[in-house]
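Asks:
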Amino acid sequence: MINEFFQDGPSRVDGRAKVTGTATYVAEHRFPNMAYGYLVQSTIARGRILEIDAAEAEKQPGVVKVLSHLNLQKLALPERPAGTIPRPFYALTSPDVLFNAQPIAVVVADTFEQARFAASLVKVKYEQAPHQTDLEKAVSSAFTSGREQADRGTPAEAFAASEFKVEAEYTIPIEHHNAMEPHATVANWTDGKLTVYDKTQGIQGTTGYLASAFGIDRSNIRVLSPFVGGAFGAALRPGPNLIVAAMASREVKRPVKVVYSRRQLATAHGYRPESIQTLKISANKDGKLTSIIHEAVHNTSAHENFSESLVGVSRNLYSCPNVRTVAKIARTDLQTPLWMRAPGMVSGAWALESALDELSYKLKIDPMQLRLINYAETDPESGRPFSSKELRECYKQAAERFGWSKRKPEPRSMRDGKLLVGWGMATGTWPASQAPASARVTLNLDGTVRVESGTTDIGPGTYTTMTIIAARTMGVQIEKVTFVLGDSELPPSPGQGGSTTTSSVGTAVQEACELVLKQLVEHANKMEGSPFVGVDPETVVAEDAAILVKGKPETKRKFADILRQNNLQNVSLLHRSTPDQGRRSRYTIASHAAQFVEVKVDEEIGRVRVTRAVQGTAAGRIVNPKGAHSQEMGGVVWGVGMALMEKTEIDHKLGRIMNPNLAGYHVPVNADIGEIETIFVVEVDEIVNPLGAKGLGELGLVGIPAAIANAVFHATGKRVRDLPITPDKLI
Ligand code: MOS
44 MINEFFQDGP SRVDGRAKVT GTATYVAEHR FPNMAYGYLV QSTIARGRIL
94 EIDAAEAEKQ PGVVKVLSHL NLQKLALPER PAGTIPRPFY ALTSPDVLFN
144 AQPIAVVVAD TFEQARFAAS LVKVKYEQAP HQTDLEKAVS SAFTSGREQA
194 DRGTPAEAFA ASEFKVEAEY TIPIEHHNAM EPHATVANWT DGKLTVYDKT
244 QGIQGTTGYL ASAFGIDRSN IRVLSPFVGG AFGAALRPGP NLIVAAMASR
294 EVKRPVKVVY SRRQLATAHG YRPESIQTLK ISANKDGKLT SIIHEAVHNT
344 SAHENFSESL VGVSRNLYSC PNVRTVAKIA RTDLQTPLWM RAPGMVSGAW
394 ALESALDELS YKLKIDPMQL RLINYAETDP ESGRPFSSKE LRECYKQAAE
444 RFGWSKRKPE PRSMRDGKLL VGWGMATGTW PASQAPASAR VTLNLDGTVR
494 VESGTTDIGP GTYTTMTIIA ARTMGVQIEK VTFVLGDSEL PPSPGQGGST
544 TTSSVGTAVQ EACELVLKQL VEHANKMEGS PFVGVDPETV VAEDAAILVK
594 GKPETKRKFA DILRQNNLQN VSLLHRSTPD QGRRSRYTIA SHAAQFVEVK
644 VDEEIGRVRV TRAVQGTAAG RIVNPKGAHS QEMGGVVWGV GMALMEKTEI
694 DHKLGRIMNP NLAGYHVPVN ADIGEIETIF VVEVDEIVNP LGAKGLGELG
744 LVGIPAAIAN AVFHATGKRV RDLPITPDKL I
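Every number in my numbering is 43 more than the matching position in the sequence shown, counting from 1.
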């Protein structure tokens with residue numbers, strides 16, 4: 044359901060291209076004389092490759108070559124002594140097998156089908172070593188992830204002395220991103236220069252990775268990624284597809300395309316790590332928190348120390364005088380984990396927000412009331428003020444819209460026919476970071492505006508958001524603006540991740556447009572009778588493709604007239620924007636959300652349906668209302684998957700992922716999703732950036748899994764602390 048409010052605001056500027064198929068994704072790009080590479084993957088989880096027999100494969104029609112560490116040219120990487128950690132994984136560079144289904148060879152052929160068939164004929168001999176993929180067994184040798192922070196107050200003593208307390212363990216399995224678009228690369232070497240189309244969230248990162256891998260200057264590399272069909276963190280760092288395609292193309296001297304199959308999506312890239320968390324929280328009889336002790340361990344690989352902050356949320360979401368957090372990681376013989384939507388935060392919030400719900404029943408205090416009692420007016424960790432925090436308003440408006448006051452507090456007390464009804468809620472938060480970014484803006488004589496920035500749009504609607512910012516700042520219609528991204532030859536900008544793009548790139552676009560307007564004023568002032576001479580530049584505004592002194596229509600000068608009279612075809616400039624760190628550092632800057640859900644449970648078959656969700660979100664200024672609504676809806680959908688369905692199954696005996704496909708790995712479909720409403724509360728933030736916009740891509744997910752689990756408890760009286768909440772756990 045789209046709220047009436049969100050029918051305002053422009054639709055996706057790239058929507059038509061996407062639904063008509065003219066938006067070309069990586070695998071659709073081709074070069075003349077292109078060959079296709081298909082991955083061969085290991086069938087053991089740990090050991091060494093002794094031999095690769097490619098004779099049969101290479102005899103097949105169309106096969107150009109079977110490539111592996113045995114015959115590929117070396118990369119320009121520094122030698123690292125064996126056993127060094129981190130030892131970032133570069134596919135096809137070593138006989139070592141570090142995880143099951145590791146890419147170990149690539150078959151290059153004239154067609155995709157020929158390559159795929161021949162790949163099935165490659166025979167590999169291994170020296171197998173024992174593996175360990177079970178986090179529970181690895182926990183005893185877990186080690187600190189370098190995220191230690193000193194205790195706040197005296198948490199152990201406070202917990203021991205408290206009357207009301209909860210102590211519980213919460214677990215999350217490995218989850219995979221499962222974007223619609225598979226990871227893919229098309230690589231083409233010509234005269235020592237490398238061009239790649241790559242599914243990536245960060246063009247600059249991909250360029251730098253290739254430059255160091257091949258030992259060539261960045262200027263010889265062009266990376267293009269104009270459309271990305273979902274990534275969610277899976278393309279934040281280059282995957283095996285990139286290096287394999289680039290190495291293979293160099294070897295066979297033809298362009299090479301490597302596209303993952305659905306199976307390979309789950310086996311060659313990262314995933315949300317498996318985690319085990321223990322929470323001890325306590326309160327006095329009035330509900331005031333007296334202690335939070337949050338310990339978390341998640342898996343990493345044998346070759347890298349990947350860690351994400353599960354416990355951070357416990358340090359600053361609520362006001363509490365005594366806090367201890369412990370973060371550890373444990374080695375497993377699996378591919379290295381990777382950030383996945385709301386990384387760390389959603390996992391930590393699942394535990395903290397579940398524990399808080401458990402505490403609310405012990406205290407007999409309404410769950411939302413408990414959160415209000417412990418509302419953090421300032422950042423409890425640093426003592427700094429928030430740059431803005433309208434979370435109270437989120438609780439209020441979302442609760443009202445949801446009808447929370449009609450909730451009966453007792454579990455199993457609400458019904459709809461034979462279905463049990465449960466209402467649950469949770470809080471979400473996400474830091475609002477900003478990175479340096481650049482943009483080039485060109486205003487043309489014909490009234491069009493071209494805006495360029497080397498960022499990416501993995502789906503949240505960056506094309507549209509940047510178009511809105513430019514059109515609004517320049518005072519022109521949306522249709523006049525073209526925003527260009529996804530090319531390393533464009534002005535460098537950060538990758539799309541951590542919900543920072545609007546804040547970073549949006550600020551660069553807005554500032555660049557303002558600088559263009561300033562230049563227009565200067566050009567106007569070269570003309571006789573300019574109304575802007577001696578006028579405070581701050582009072583000059585843009586509207587209807589013209590500049591004018593605010594409130595003085597008689598000073599209006601059309602852009603086109605200014606350009607024409609100055610004999611200019613365009614005004615164009617490149618701007619690099621940097622966050623105001625001095626100002627920002629005096630505050631804690633974060634987005635917040637209050638998230639309410641209703642579930643209906645059919646107890647006979649253990650089926651849970653999320654029938655309603657209402658989110659109140661405070662994320663500063665909402666630049667692109669439809670896109671923002673979409674993001675928050677997506678967060679709920681993802682939360683339904685995480686809470687009720689998603690789990691990567693591993694056969695620990697084989698060390699292998701058993702459900703690398705959408706038949707065995709369940710994600711929500713339309714029929715699983717009920718009504719979703721989003722409310723963006725008014726939040727004015729003059730600190731975060733000149734746009735006043737905070738990120739909200741990850742935020743929409745953060746509290747949802749806990750809110751669903753809390754609603755399931757309210758409906759059934761069963762507390763499930765192990766995700767996903769599948770029917771077997773409720774029957
Ligand atoms: Mo997000 S996990 O930064 O793509």
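Backbone N, C-alpha and C define an ideal beta-carbon position, used for all residues, glycine too.
So if DSSP puts W466 in a beta bridge, which residue, or which two residues, is it bridged to?
Replies: The partner list for W466 (beta bridge, DSSP) reads E641.
Asks: Relative to the alpha-carbon of N348, which residue among K296, V369, A373 and S334 has its alpha-carbon at the smallest distance?
Replies: It is A373.
Asks: When you measure from the CB of F275 to every non-hydrogen atom of the ligand MOS, does any distance come out below 7 Å?
Replies: Yes, the ligand MOS has a heavy atom inside 7 Å of this Cβ.
Asks: I believe V492 touches V527 by the beta-carbon criterion, under 8 Å. Please report the beta-carbon distance rounded to the nearest angstrom.
Replies: Incorrect: roughly 11 Å between the Cβ atoms, too far for contact.
Asks: How long is the line joining the alpha carbons of A847 and S496, rounded to whole angstroms?
Replies: Past the edges of the chain, shown from 44 to 774, lies residue 847, and the structure says nothing about it.
Asks: Suppose contacts are defined by Cβ-Cβ distances below 8 Å. Is Q84 in contact with I147 by that definition?
Replies: Contact flag set, yes.
Asks: Mind checking who D530 pairs with in its DSSP beta bridge?
Replies: Answer is L267, bridged to D530.
Asks: Is it the case that the region 639 to 651 contacts the region 505 to 521, given that we only count it when at least three CB pairs across the two stretches are under 8 Å?
Replies: Result no; under three Cβ-Cβ pairs closer than 8 Å.
Asks: The ligand MOS and M383: does the residue's C-beta get closer than 7 Å to at least one heavy atom of that ligand?
Replies: The answer is yes for M383.
Asks: Across which residues does DSSP place P121 in a beta bridge pair?
Replies: DSSP, once it has assigned bridges, lists no residue as partnering P121.
Asks: Looking at H337 and T368, is the spacing between their C-beta atoms short of 8 Å?
Replies: In this structure, H337 lies closer than 8 Å to T368 by Cβ.
Asks: Can you list, in chain order, the residues of its chain whose CB lies under 6 Å from that of E420, leaving out five sequence neighbours each side?
Replies: Result list for E420: empty, nothing under 6 Å.
Asks: Report the three-state DSSP secondary structure of H566 (helix, strand or coil).
Replies: Of the three classes helix, strand and coil, the one that applies to H566 here is helix, per DSSP.
Asks: On a CA-only basis, which of M685, E718, N231 and T721 is nearest T710? Give me that one, please.
Replies: Sequence inspection shows Val at residue 710; the Thr mentioned does not correspond to that position. Of M685, E718, N231 and T721, the residue nearest in Cα terms is M685.
Asks: Tell whether a beta-carbon distance below 8 Å holds between Y68 and E191.
Replies: Cβ atoms of Y68 and E191: not closer than 8 Å.
Asks: Is the beta carbon of G282 sitting closer than 8 Å to the one on A309?
Replies: No, they are not a contact pair.
Asks: Go to A152, then tell me how far its beta strand (DSSP E) extends in each direction, as first and last residue.
Replies: Its beta strand (DSSP E) spans residues P146 to A152.
Asks: Would you tell me roughly how many angstroms separate the C-alpha atoms of I632 and S547, rounded to the nearest one?
Replies: Distance between the alpha carbons of I632 and S547: 14 Å.
Asks: Assess, as a yes-or-no matter, whether the region 575 to 595 is touched by the region 428 to 444 under the definition of 3 or more beta carbon pairs within less than 8 Å.
Replies: Segments in contact, no.
Asks: Between which two residues does the alpha helix (DSSP H) holding E99 run?
Replies: Here the alpha helix (DSSP H) through E99 covers A98 to E101.
Asks: Going by beta carbon distance, what residues of the same chain come within less than 8 Å of Q562, once the five residues before and after it are set aside?
Replies: Within the same chain, Q562 has close Cβ partners V614 and L616.
Asks: Is the closest heavy atom of the ligand MOS to the C-beta of P596 under 7 Å?
Replies: Outside the cutoff, so no.
Asks: Around the Cβ of E401, are there at least 16 other Cβ atoms within 10 angstroms (buried) or fewer (exposed)?
Replies: Classification for E401: buried.
Asks: Short of 7 Å in beta carbon distance, which residues of its chain neighbour R384, apart from the five on each side in sequence? Order them along the chain.
Replies: Hits under 7 Å: F275, G276, W681, E741 and L744.
Asks: With respect to 7 Å, is the separation between the Cβ of Q477 and the closest non-hydrogen atom of the ligand MOS below this value?
Replies: No, the ligand MOS has no heavy atom inside 7 Å of this Cβ.
Asks: Work out the CA separation of R280 and L237 for me, nearest whole Å.
Replies: Their backbone Cα atoms lie some 19 Å apart in a straight line.
Asks: For M411, count the other beta carbons within 10 Å of its own beta carbon; 16 or more makes it buried, fewer makes it exposed. Which is it?
Replies: By the neighbour-count rule (16 or more Cβ atoms within 10 Å), M411 is buried.
Asks: For W393, report the span of its alpha helix (DSSP H) as first-last.
Replies: Segment M388 to L406, the alpha helix (DSSP H) holding W393.
Asks: Who are the Cβ neighbours of D765 in its own chain at under 6 Å, not counting the five residues just before and after it?
Replies: So the qualifying residues of the chain are T214.
Asks: Counting C-beta neighbours from all protein chains within 10 Å, is the total for L285 16 or more, i.e. buried, or is it exposed?
Replies: It counts as buried.
Asks: Of the choices V724, D728, V642 and V731, whose alpha-carbon is the least far from that of I716?
Replies: Residue V642 is the option with its Cα nearest to I716.
Asks: At the level of alpha carbons, what is the spacing between L486 and L606?
Replies: Distance between the alpha carbons of L486 and L606: 9 Å.
Asks: Give me the Cβ distance between V109 and V150, rounded to the nearest whole Å; I'm assuming they're in contact under 8 Å.
Replies: With 8 Å as the limit, V109 and V150 qualify as a contact, their Cβ atoms being about 5 Å apart.
Asks: Rounded to whole angstroms, what is the Cα-Cα separation between P767 and A97?
Replies: Rounded to whole angstroms, P767 to A97 spans 42 Å at the Cα level.
Asks: Measure the C-alpha to C-alpha separation of T621 and D500 and round it to an integer number of angstroms.
Replies: Rounded to the nearest angstrom, the two C-alpha atoms are 21 Å apart.
Asks: Buried or exposed: which applies to R458, given that a residue is buried once 16 or more other Cβ atoms fall within 10 Å of its Cβ?
Replies: With fewer than 16 Cβ atoms within 10 Å of its Cβ, R458 is classed as exposed.
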